[in-house]
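2 protein chains.
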Amino acid sequence: MARRDIPNIRRARLQDVATAAGVSVVTVSRALNAPATVSARTRERIDAAMQAVDYVPDLAARGMAKQRSDIVAVLVPTLLDPIFVDMVRGLEGVLAAHGMHLLIGDTGYDPDREEAFVAAALGRRPDGLVLTGTQHTPRARRLAAGSGVPVVETWGIEGEPIDRAVGYDQRAAALALTRHVLDRGYERVAYVGRPVSGNGRAAAKRDGYLAALRAAGMAVVPELLMECVTSMEAGKDAIKRLVRRGGADAIVFSGDRIAAGAFLHCLDTGLRVPDDVAVCGFGDHDIARLLPGGLTSVRADSVQIGRLAGEAIVDGRVDDGGPRSVDIGFEVVVRGST
Amino acid sequence: MARRDIPNIRRARLQDVATAAGVSVVTVSRALNAPATVSARTRERIDAAMQAVDYVPDLAARGMAKQRSDIVAVLVPTLLDPIFVDMVRGLEGVLAAHGMHLLIGDTGYDPDREEAFVAAALGRRPDGLVLTGTQHTPRARRLAAGSGVPVVETWGIEGEPIDRAVGYDQRAAALALTRHVLDRGYERVAYVGRPVSGNGRAAAKRDGYLAALRAAGMAVVPELLMECVTSMEAGKDAIKRLVRRGGADAIVFSGDRIAAGAFLHCLDTGLRVPDDVAVCGFGDHDIARLLPGGLTSVRADSVQIGRLAGEAIVDGRVDDGGPRSVDIGFEVVVRGST
DNA sequence: CTGAAAGCGCTTACAG
DNA sequence: CTGAAAGCGCTTACAG
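From first to last, the protein sequence lines are chains A and S. Here the numbering used here is used: the first sequence runs in plain steps of one and ends on residue 414. Here the numbering used here is used: the second sequence runs in plain steps of one and ends on residue 414.
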């Protein structure tokens with residue numbers, strides 16, 4: 077298998093199939109794309125020829141000829157957070173059913189990497205572009221807007237979308253969640269979320285938390301406001317610090333995994349949830365149901381966001397009308413942790 | 077924004093840039109691919125022209141001309157299992173550093189869907205193909221082998237790889253894990269894993285479990301051998317049934333998430349781990365460390381599998397030699413759950 | 001029902 | 001340093 081020595085294995089082309097079947101390339105192309113327009117006998121010969129050489133059509137060439145790539149590009153901030161993975165699953169399901177392929181990129185929450193990936197993805201002349209959030213660099217936004225491809229921004233629906241947006245009101249969700257905690261009577265409610273810089277959703281959630289405090293007539297305690305990365309370990313570290321730091325009696329986390337890390341730390345060290353400290357998350361991932369007593373969380377269907385994004389792209393070509401947002405809504409699911 | 081009414085937005089082509097800059101397309105192409113071969117003044121004019129129209133090169137056209145797509149296709153059985161997501165992260169990291177794009181597909185553990193995706197992916201003339209496991213349909217294997225592109229099979233390294241394989245000995249890992257449990261003195265050791273049909277890794281793991289029992293001179297109890305899907309809920313359901321069914325005193329799960337679901341169920345219902353029932357998983361995901369007392373698991377670096385797969389593809393073109401496997405090894409990490 | 005020609009947007013030798 | 005021609009593998013009108 078000295079395959080790598082021979083850089084150009086000659087893969088079968090339409091021409092090879094045509095020659096083998098004794099017809100022209102056009103006819104083979106038709107047998108592939110409009111079988112009904114080819115006589116049964118010819119079709120049989122062509123099919124046999126294709127089988128014989130294991131012909132696989134070159135989709136890049138087809139795409140160039142048809143001006144349509146059957147590729148959709150999706151950009152997520154991280155694959156470490158299951159909400160984005162769920163969204164990708166929903167998207168992939170819809171696209172696969174339509175014979176489209178998914179190009180995936182991980183921006184690491186970095187707007188510049190997002191911009192670079194947007195440019196690169198647009199180079200594939202995708203049939204759709206799925207972004208996370210509504211905050212992008214000016215050039216990324218300009219490229220996406222000017223590309224002519226359907227663009228779907230996911231999760232955050234604040235502001236004017238480039239084209240379509242599918243998500244829910246992150247600020248309202250954080251506000252509702254925090255209000256629930258305050259209604260329970262907790263008095264030192266902390267908030268732990270992603271860094272807000274360049275992240276509209278993180279900023280919106282934190283705003284929701286702050287608004288809830290304000291509405292309850294409570295002061296913001298700087299020590300109770302933390303930024304952290306997305307990991308279970310981070311949740312553990314955060315709760316250790318917040319409890320030591322002079323006592324949060326409740327913590328609102330911006331994600332279930334972080335919250336679960338904190339929750340498990342409590343189980344491990346004997347801190348009682350919610351008696352010593354209440355904990356809640358965001359996303360209502362399966363772990364929220366399974367933690368002992370359950371984790372209070374915000375439910376919003378991540379898979380559905382992906383599905384709707386996929387559908388918006390699939391029928392985006394027949395659709396018309398200006399930019400618009402779809403709000404999938406959310407629900408505060410109260411469980412034992414608060 | 078009646079964008080959708082106008083199917084063909086005219087995106088800037090090389091020709092448009094060339095006209096704007098007052099040069100030929102070749103020169104613009106050179107400015108892009110070999111800037112040093114273009115005079116500084118010309119380059120400036122070209123750069124300005126590109127800026128002006130937000131030019132984004134058509135990568136499909138480039139790929140066709142260069143016979144190189146800068147696309148790598150990866151197929152995973154599911155995105156619900158974090159080990160595959162981790163692998164994809166590792167792969168994506170390496171590829172992004174080389175300006176390559178990731179096409180991702182989710183086979184749902186279905187060999188026919190895998191075959192379909194292999195064919196479709198090969199249609200993109202990818203620079204590499206990353207598969208899961210070494211068991212594929214004959215046609216999928218034939219297509220991959222005959223495609224001339226570097227193929228990396230991941231996780232399982234049993235059998236002869238199509239080209240490269242990166243993973244570890246799944247059977248040996250399950251054997252070692254089960255042996256550890258038996259050494260601890262547990263006598264009714266259950267095994268819960270994915271259906272083995274069409275899944276070489278699942279079969280290998282189950283074989284390892286059976287071999288460990290055999291080596292210990294213990295009989296296989298059919299009631300203690302279960303198949304289940306990959307989810308935390310499934311782990312919960314499994315442990316409920318196994319404990320009821322007349323008492324496993326230890327359970328080896330084929331994944332950490334399933335094991336964690338079972339573990340959490342124990343916490344919730346007061347079953348003591350490991351006193352009432354010992355539990356262990358596979359993958360050493362972060363949750364394994366965070367569960368109270370810790371979850372015994374098999375550690376194998378999923379991200380590293382992705383990285384090595386990516387590197388094999390990146391320098392696959394200069395490399396030579398026959399098919400070969402890379403064994404990344406594994407380690408049984410003993411924690412409180414056993 | 002079938003085929004010859006032109007074109008999709010690039011790059012690669014080959015000339016100048 | 002720059003450009004004209006040919007080609008990458010398809011599809012799309014246009015003829016027959």
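By construction, the Cβ of each residue, glycine as well, lies at the ideal position given by its N, Cα and C atoms.
- CB-CB under 6 Å to R277/A, same chain, minus the five flanking residues each way: which ones, in chain order? Counting only Cβ-Cβ distances below 6 Å, and skipping sequence neighbours, we find G209, W231, G232 and Q246.
- Query: How should M176/S be labelled, buried or exposed, when 16 other C-beta atoms within 10 angstroms of its C-beta is the threshold for buried?
  - Reply: Around the CB of M176/S, 16 or more other CB atoms lie within 10 Å, so the residue is classed as buried.
- Query: Going by alpha carbons, who is nearest to M126/S out of D360/S, D351/S, R138/S and T95/S?
  - Reply: Of the candidates D360/S, D351/S, R138/S and T95/S, the one whose C-alpha sits nearest the C-alpha of M126/S is T95/S.
- Message: Counting C-beta neighbours from all protein chains within 10 Å, is the total for I82/S 16 or more, i.e. buried, or is it exposed?
- Response: Low local confidence applies: a pLDDT of 39 at I82/S is under 50, so the model's placement there is unreliable, with the coordinate-based value given in what follows. Note on I82/S: under 16 other CB atoms within 10 angstroms of its CB, so exposed under the neighbour-count rule.
- Beta-carbon neighbours of P368/S, restricted to chain A and to distances below 8 Å: Neighbours of P368/S on chain A, chain order: L340, L343 and D344.
- Item | 7 Å CB neighbourhood of D92/S in its chain, flanking five on each side removed | Closer than 7 Å at the Cβ level, and outside the excluded window around D92/S, lie V129.
- Item | Where A137/A meets chain S, residues with beta-carbon distance less than 7 Å | Listed along chain S, the residues sitting closer than 7 Å to A137/A by beta-carbon distance are M140.
- Could you give the DSSP three-state label for G181/A: helix, strand or coil? In the structure shown, G181/A sits in a strand (DSSP, three-state: E or B).
- Item | Cβ shell of A279/A (< 6 Å), same chain only, five flanking positions each side left out | Only residues of its own chain outside the window of five on either side were considered, and among them V272 have a CB closer than 6 Å to the CB of A279/A, listed in chain order.
- Kindly list the residues whose CB is nearer than 6 Å to the CB of A88/A, restricted to its own chain and excluding five residues on each side of it in sequence; keep chain order. Only V129 and Y131 meet the Cβ criterion.
- Between V349/S and C356/S, which are expected to be in contact by the criterion C-beta below 8 Å, what is the C-beta distance as a whole number of angstroms? In fact, because the Cβ distance is near 10 Å, the residues do not count as touching under 8 Å.
- Query: Across which residues does DSSP place A266/S in a beta bridge pair?
  - Reply: The secondary-structure analysis by DSSP pairs A266/S across a beta bridge with I327/S.
- Task: Return helix, strand or coil for D403/S, following the three-state DSSP convention.
- Result: Reduced to three states, the DSSP call for D403/S is strand.
- Message: Given this structure, state the Cα-to-Cα distance separating D123/S from V114/S, to the nearest angstrom.
- Response: Approximately 12 Å between the Cα atoms of the pair.
- Using a Cβ cut-off of 7 Å, pull out every chain S residue sitting near I363/A, in sequence order please. M308, listed in chain order.
- Item | Spatially closest choice to V161/S from L371/A, I180/A and D360/A, by CA coordinates | Of all alpha-carbon atoms in L371/A, I180/A and D360/A, the one lying nearest the alpha-carbon of V161/S is that of I180/A.
- Query: Span of the beta strand (DSSP E) holding G378/S?
  - Reply: Checking the sequence shown, residue 378/S turns out to be Ser, not Gly. Here S378/S belongs to no beta strand (DSSP E); instead the alpha helix (DSSP H) covers S378 to V390.
- Message: Between G359/S and I147/S, how many whole angstroms is the CB-CB distance? I'm expecting something under 8 Å.
- Response: Wrong, their Cβ atoms sit about 28 Å apart, outside the cutoff.
- Determine the contact status of D325/S and Y262/S, defining contact as a CB-CB distance below 8 Å. Cβ distance < 8 Å, so D325/S and Y262/S count as in contact.
- Query: Per DSSP, what kind of secondary structure is M308/S in: helix, strand or coil?
  - Reply: Looking at M308/S - three-state DSSP - the assignment turns out to be helix.
- Give a yes or no on whether the minimum CB-CB distance between A196/A and chain S is below 8 Å. Chain S contact via Cβ: present.
- Message: Can you check whether the C-beta of L178/S is within less than 8 Å of a C-beta belonging to chain A?
- Response: Taking Cβ atoms only, chain A reaches closer than 8 Å to L178/S, which makes this a yes.
- Please state whether DSSP places V170/S in a helix, a strand or coil. The answer is helix: DSSP assigns V170/S an H, G or I state.
- In chain order, each beta strand (DSSP E) run of at least 3 residues that lies wholly inside the stretch 221-249 of chain A: The stretch 221-249 of chain A contains these whole beta strand (DSSP E) runs: 227-232 and 240-244.
- Answer with buried or exposed for M294/S, where buried requires no fewer than 16 other C-beta atoms within 10 angstroms of its C-beta. By the neighbour-count definition (other C-beta atoms within 10 Å, threshold 16), M294/S is an exposed residue.
- Query: Between which two residues does the alpha helix (DSSP H) harbouring V349/S extend?
  - Reply: Neither: V349/S is in no alpha helix (DSSP H) and is coded neither H nor E.
- Message: Quick check on the burial criterion: 16 or more other C-beta atoms within 10 angstroms. Buried or exposed for D134/S?
- Response: Within a 10 Å sphere around the beta-carbon of D134/S sit 16 or more other beta-carbons, which makes this residue buried.
- Chain-order list of residues whose beta-carbon lies under 6 Å from that of K281/S (same chain, five-residue window excluded): Correct list, in chain order: Q246, A250, G269 and S330.
- So which residues of chain A does R87/S contact, with C-beta pairs closer than 9 Å? Contact of R87/S with chain A by beta-carbon distance below 9 Å involves L198, R201, G222, S223 and G224.
- Item | Proximal residues of chain S, C-beta to C-beta of G337/A below 7 Å | Those within 7 Å of G337/A in chain S are L366.
- Item | Three-way DSSP call (helix, strand, coil) for Q91/A in this model | Q91/A: helix per DSSP, three-state reduction.
- Query: Exposed or buried, which one is P298/A when buried takes at least 16 other CB atoms within 10 Å?
  - Reply: Result: exposed.
- Message: Within 10 Å of its beta-carbon, does G243/A have 16 or more other beta-carbons around it, so buried, or fewer, so exposed?
- Response: Buried.
- Item | the stretch 164-176 of chain S: positions lying closer than 7 Å to chain A by Cβ | Per Cβ criterion, the list reads V164, R165 and E168.
- Residues in its own chain within less than 7 Å of L90/A by CB, not counting five upstream and five downstream? Cβ neighbours of L90/A beyond the five flanking positions: V101, V104 and S105.
- Query: Is the CB of V449/A under 8 Å away from at least one CB in chain S?
  - Reply: Residue numbering for chain A in the displayed model covers 77 to 414; residue 449/A lies beyond these limits and cannot be assessed.
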